[in-house]
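Going by the numbering used here, the first residue of the sequence shown is number 46, and it counts up by one from there. Ideal Cβ positions, reconstructed from N, Cα and C, are used throughout, including at glycine. As the structure is a computational prediction, the values presented were derived from the model and not from experiment.
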Amino acid sequence: VGSLLRSPWVWPILLFAMTPIVVARQFTTDRDFANWVTNVRVAANVGSDHRYTLVNALGSVSFETPIDAKFAAGDPSRVYVLTRGGKLFGLDYPSGANKTLLLDIAARVGYVEMENGALGFDLHPTFAAPGSKGAGQAFVYFTEYHPDRQVNHLTRYTITAGDPAAVAATALPLITQGRNNDGYHNG
Numbered sequence: 046v047g048s049l050l051r052s053p054w055v056w057p058i059l060l061f062a063m064t065p066i067v068v069a070r071q072f073t074t075d076r077d078f079a080n081w082v083t084n085v086r087v088a089a090n091v092g093s094d095h096r097y098t099l100v101n102a103l104g105s106v107s108f109e110t111p112i113d114a115k116f117a118a119g120d121p122s123r124v125y126v127l128t129r130g131g132k133l134f135g136l137d138y139p140s141g142a143n144k145t146l147l148l149d150i151a152a153r154v155g156y157v158e159m160e161n162g163a164l165g166f167d168l169h170p171t172f173a174a175p176g177s178k179g180a181g182q183a184f185v186y187f188t189e190y191h192p193d194r195q196v197n198h199l200t201r202y203t204i205t206a207g208d209p210a211a212v213a214a215t216a217l218p219l220i221t222q223g224r225n226n227d228g229y230h231n232g
């Protein structure tokens, strides 16, 4: 074994063989490293030589980390967009005009990375029907992050015209599930 370890080819082969183990361990224990790897993977798959490209359906309107978009039943003229940071916007479709912040739970969501943050939402089937029982009701699924724990939530909010903080105060928790402090598989 001693003479084998002195061979100039053994150490590069051992380093090469150990690299996946080291990277996997670093990926699962260091969130900054995991985020860096994710960014590299995404960047490697974006380019102009692909058969399909993404275009902004709302012209020049943009969002910071959009995660979900929906139309209210029976109202194709308005689209609702949720960002991972916990902001729900409504805007005219397809022009993108009248972008309005409807709900802001960013402080509740906290630090967003990996698979944490606001992960999805849905609108009550009668969301856009004034006077109905479900008028203005939106259901948001998000992970509330704390350095020592995480909590997954499914919460109902009543979207009304006015202050997004007042809308946040309408929160009706439907599911509250504590979980280990892990940024993965929150959906």
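(request) Please list, in chain order, all residues of the same chain as residue 186 whose beta carbon is under 6 Å from its beta carbon, the five residues on each side excluded. (result) Here residue 186 corresponds to residue number 141 of the sequence shown, with the count starting at 1. Cβ within range, chain order: 164, 165, 199.
Original post:
Among all the DSSP beta bridges, which residues are the ones paired with residue 144?
Top reply: Mapped onto the sequence shown, residue 144 falls at position 99. BP columns for residue 144 are empty, so no partner.
- Between the CA atoms of residue 65 and residue 206 - distance to the nearest angstrom: In the sequence shown, residue 206 corresponds to position 161, counting from 1. In the sequence shown, residue 65 corresponds to position 20, counting from 1. Near 52 Å, if we compare the C-alpha coordinates of residue 65 and residue 206.
task: Mind the definition here: the stretch 177-193 touches the stretch 134-145 only if three or more C-beta pairs lie below 8 Å; say whether that holds.
output: no
- Query: Which residues does DSSP pair with residue 96 in a beta bridge?
  - Reply: On the sequence shown, position 51 is the one that residue 96 refers to. Residue 96 pairs with nothing; no bridge assigned.
Exercise. Curious, which full-length beta strand (DSSP E) runs of at least 3 residues does the stretch 161-201 contain?
Worked result: Correct list: 162-168, 182-191.
task = Please report the Cβ distance between residue 209 and residue 120, rounded to the nearest whole angstrom; I am assuming they are in contact, meaning their Cβ atoms lie under 8 Å.
result = Here residue 209 refers to the residue found at position 164 when the sequence shown is read from its first residue. Here residue 120 refers to the residue found at position 75 when the sequence shown is read from its first residue. At roughly 20 Å, the Cβ-Cβ gap does not stay under 8 Å, so residue 209 and residue 120 are not in contact.
Subject >> Cutoff 8 Å; reference residue 122; Cβ partners in own chain excluding five residues on either side >> reply: Here residue 122 is taken as the residue at index 77 of the sequence shown, counted from 1. Result list for residue 122: 137, 138, in chain order.
task: Classify residue 139 as helix, strand or coil using the three-state DSSP reduction.
output: Working through the sequence shown from its first residue, we reach residue 139 at position 94. The answer is coil: DSSP assigns residue 139 none of H, G, I, E or B.
Checklist entry - To the nearest angstrom, how far is it from the Cα of residue 191 to the Cα of residue 56? => result One-based indexing of the sequence shown puts residue 191 at position 146. One-based indexing of the sequence shown puts residue 56 at position 11. The straight-line gap from Cα to Cα measures roughly 42 Å.
Quick check on the DSSP output: the alpha helix (DSSP H) that includes residue 212 runs from which residue to which?
Reading the sequence shown from its first residue, position 167 is the one you call residue 212. Taken as a continuous stretch (DSSP letters only), the alpha helix (DSSP H) holding residue 212 covers 209-213.
Legend entry - Residue interval of the beta strand (DSSP E) (run including residue 220): In the sequence shown, counting from the first residue as 1, residue 220 sits at position 175. Taken as a continuous stretch (DSSP letters only), the beta strand (DSSP E) holding residue 220 covers 217-224.
When you compare each of 129, 58, 85 to residue 112 by their alpha carbons, which one comes out closest? Here residue 112 refers to the residue found at position 67 of the sequence shown. Checked all of 129, 58, 85; the closest Cα to residue 112 is 129.
* **Simplified DSSP assignment, three categories, for residue 77** => Taking the first residue of the sequence shown as 1, we reach residue 77 at position 32. Of the three classes helix, strand and coil, the one that applies to residue 77 here is helix, per DSSP.
Query raised in the report: Thinking C-alpha only, which one of 188, 160, 168, 63 is nearest residue 203?
Result: By one-based count along the sequence shown, residue 203 stands at place 158. Cα-wise, what sits closest to residue 203 is 168.
In angstroms with no decimal places, state the Cα-to-Cα distance between residue 48 and residue 78. Numbered from 1 along the sequence shown, position 3 holds the residue referred to as residue 48. Numbered from 1 along the sequence shown, position 33 holds the residue referred to as residue 78. If you take the alpha carbons of residue 48 and residue 78, they lie about 37 Å apart.
Worksheet item: Taking C-beta to C-beta, are residue 141 and residue 104 nearer than 8 Å?
Response: Position 96 of the sequence shown, counted from the start, is the residue given in the question as residue 141. Position 59 of the sequence shown, counted from the start, is the residue given in the question as residue 104. In contact: residue 141 and residue 104 (Cβ atoms closer than 8 Å).
Notebook entry, point to check: Among the residues of its own chain, which have a CB less than 8 Å from the CB of residue 72, if the five just before and after it don't count?
Noted result: Position 27 of the sequence shown holds residue 72. So the list reads 78, 79, 82, once near-sequence residues are dropped.
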